[in-house]
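Novice:
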Amino acid sequence: MFKHYLLGAGALLAMACAQADDYSSTYTQCMDKASSTLAMGACIQAETKLQDDRLNRVYKQLMAKLDAQQQKDLREVQRTWMKYRDGNCAFHGKLSNGSIYRIEGAMCEMDMSKDRAAELERILSPGQ
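Taken in order, the sequence shown gives residues -20 to -1, 1 to 108; the numbers are from mature numbering (1 follows the signal peptide of the UniProt record, and there is no 0).
(1) Okay, do the segment 68 to 75 and the segment 34 to 52 touch, 3+ Cβ pairs below 8 Å being the bar?
(2) At the level of alpha carbons, what is the spacing between residue 39 and residue 5?
(3) Where does the unbroken alpha helix (DSSP H) through residue 12 begin, and where does it stop?
(4) Run through DSSP, which three-state label would residue 77 get?
(5) When you compare only the Cα positions, how much space is there between residue 90 and residue 22?
(6) Any idea what DSSP makes of residue 47, helix, strand or coil?
(7) Assuming contact is defined by CB atoms lying nearer than 8 Å, are residue 14 and residue 20 in contact in what I supplied?
(8) Which runs of the alpha helix (DSSP H) fall wholly inside the segment 58 to 108 and span at least 4 residues, in chain order?
(9) Please say whether residue 7 and residue 94 have beta carbons closer to each other than 8 Å?
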(Lines of atoms letter the chains of each structure in order from A and count residues from 1; the text may use other names and numbers.)
(Lines give C-alpha, C1' and ligand atoms only; values in the text may rest on other atoms or scores of the structure.)
Protein backbone atom coordinates (compact mmCIF):
# COMPACT_ATOMS: atom_id res chain seq x y z
CA MET A 1 0.00 0.00 0.00
CA PHE A 2 2.79 2.44 0.87
CA LYS A 3 4.50 1.62 -2.43
CA HIS A 4 1.27 2.47 -4.28
CA TYR A 5 1.09 5.77 -2.36
CA LEU A 6 4.68 6.65 -3.30
CA LEU A 7 4.06 5.83 -6.96
CA GLY A 8 0.99 8.06 -6.97
CA ALA A 9 2.81 10.91 -5.26
CA GLY A 10 5.67 10.56 -7.72
CA ALA A 11 3.28 10.65 -10.65
CA LEU A 12 1.61 13.80 -9.35
CA LEU A 13 4.96 15.48 -8.78
CA ALA A 14 6.09 14.56 -12.28
CA MET A 15 2.81 15.87 -13.71
CA ALA A 16 3.18 19.13 -11.79
CA CYS A 17 6.77 19.57 -12.94
CA ALA A 18 5.87 18.81 -16.55
CA GLN A 19 3.35 21.66 -16.47
CA ALA A 20 5.67 23.99 -14.58
CA ASP A 21 6.45 26.14 -17.64
CA ASP A 22 2.90 27.48 -17.55
CA TYR A 23 3.15 28.59 -13.93
CA SER A 24 5.13 31.08 -11.88
CA SER A 25 8.76 30.39 -11.07
CA THR A 26 7.82 30.49 -7.39
CA TYR A 27 5.49 27.54 -7.94
CA THR A 28 8.13 25.60 -9.83
CA GLN A 29 10.68 26.17 -7.08
CA CYS A 30 8.17 25.29 -4.39
CA MET A 31 7.23 22.01 -6.09
CA ASP A 32 10.90 21.15 -6.61
CA LYS A 33 11.39 21.38 -2.84
CA ALA A 34 8.10 19.73 -1.82
CA SER A 35 8.74 16.42 -0.09
CA SER A 36 5.20 15.58 1.00
CA THR A 37 1.65 15.93 -0.17
CA LEU A 38 1.17 18.58 2.52
CA ALA A 39 4.04 20.64 1.07
CA MET A 40 2.72 20.10 -2.46
CA GLY A 41 -0.69 21.28 -1.30
CA ALA A 42 0.80 24.50 0.05
CA CYS A 43 2.56 25.14 -3.28
CA ILE A 44 -0.64 24.49 -5.20
CA GLN A 45 -2.67 26.72 -2.88
CA ALA A 46 -0.26 29.64 -3.34
CA GLU A 47 -0.21 29.23 -7.14
CA THR A 48 -4.00 28.94 -7.26
CA LYS A 49 -4.27 32.28 -5.48
CA LEU A 50 -1.86 33.82 -7.97
CA GLN A 51 -3.82 32.39 -10.92
CA ASP A 52 -7.15 33.49 -9.39
CA ASP A 53 -5.76 37.02 -8.97
CA ARG A 54 -4.63 36.94 -12.61
CA LEU A 55 -8.07 35.72 -13.69
CA ASN A 56 -9.85 38.44 -11.70
CA ARG A 57 -7.53 41.14 -13.07
CA VAL A 58 -8.01 40.16 -16.72
CA TYR A 59 -11.76 39.69 -16.21
CA LYS A 60 -12.05 43.27 -14.93
CA GLN A 61 -9.90 44.59 -17.79
CA LEU A 62 -12.05 42.78 -20.32
CA MET A 63 -15.30 43.96 -18.73
CA ALA A 64 -14.07 47.56 -19.05
CA LYS A 65 -13.68 47.13 -22.82
CA LEU A 66 -17.09 45.57 -23.48
CA ASP A 67 -20.45 47.18 -24.14
CA ALA A 68 -23.36 46.57 -21.76
CA GLN A 69 -24.73 43.48 -23.52
CA GLN A 70 -21.29 41.91 -23.86
CA GLN A 71 -20.65 42.56 -20.15
CA LYS A 72 -23.90 40.83 -19.28
CA ASP A 73 -22.99 37.88 -21.51
CA LEU A 74 -19.47 37.57 -20.07
CA ARG A 75 -20.79 37.78 -16.50
CA GLU A 76 -23.25 34.95 -17.21
CA VAL A 77 -20.64 32.79 -18.94
CA GLN A 78 -18.13 33.39 -16.15
CA ARG A 79 -20.62 32.36 -13.48
CA THR A 80 -21.41 29.20 -15.45
CA TRP A 81 -17.70 28.48 -15.90
CA MET A 82 -17.02 28.95 -12.17
CA LYS A 83 -19.83 26.57 -11.27
CA TYR A 84 -18.42 24.00 -13.70
CA ARG A 85 -14.85 24.44 -12.43
CA ASP A 86 -15.88 24.07 -8.81
CA GLY A 87 -18.02 20.99 -9.47
CA ASN A 88 -15.52 19.34 -11.77
CA CYS A 89 -12.61 19.83 -9.39
CA ALA A 90 -14.66 18.74 -6.38
CA PHE A 91 -15.40 15.53 -8.25
CA HIS A 92 -11.68 14.95 -8.85
CA GLY A 93 -10.95 15.63 -5.21
CA LYS A 94 -13.56 13.18 -3.95
CA LEU A 95 -12.71 10.12 -6.02
CA SER A 96 -11.11 8.65 -2.92
CA ASN A 97 -10.36 9.62 0.65
CA GLY A 98 -6.63 9.67 -0.05
CA SER A 99 -4.49 12.79 -0.02
CA ILE A 100 -3.46 12.16 -3.63
CA TYR A 101 -7.01 12.85 -4.78
CA ARG A 102 -7.21 16.03 -2.70
CA ILE A 103 -4.00 17.18 -4.41
CA GLU A 104 -5.48 16.26 -7.79
CA GLY A 105 -8.62 18.27 -7.00
CA ALA A 106 -6.53 21.28 -5.98
CA MET A 107 -4.42 20.97 -9.14
CA CYS A 108 -7.62 20.84 -11.18
CA GLU A 109 -8.74 24.19 -9.78
CA MET A 110 -5.29 25.70 -10.31
CA ASP A 111 -5.09 24.42 -13.90
CA MET A 112 -8.58 25.49 -14.86
CA SER A 113 -8.08 28.99 -13.40
CA LYS A 114 -4.79 29.37 -15.28
CA ASP A 115 -6.39 28.20 -18.52
CA ARG A 116 -9.39 30.51 -18.12
CA ALA A 117 -7.14 33.49 -17.40
CA ALA A 118 -5.15 32.73 -20.57
CA GLU A 119 -8.39 32.42 -22.55
CA LEU A 120 -9.64 35.80 -21.37
CA GLU A 121 -6.21 37.32 -22.06
CA ARG A 122 -6.47 36.10 -25.67
CA ILE A 123 -9.90 37.75 -25.96
CA LEU A 124 -8.60 40.96 -24.38
CA SER A 125 -5.55 41.11 -26.68
CA PRO A 126 -6.24 39.03 -29.77
CA GLY A 127 -3.24 38.02 -31.86
CA GLN A 128 -0.70 38.35 -29.05
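All residues carry an ideal CB built from backbone N, CA and C; glycine is no exception.
Specialist: According to the structure data:
(1) no
(2) 23 Å
(3) 5 to 13
(4) coil
(5) 12 Å
(6) coil
(7) yes
(8) 79 to 104
(9) no
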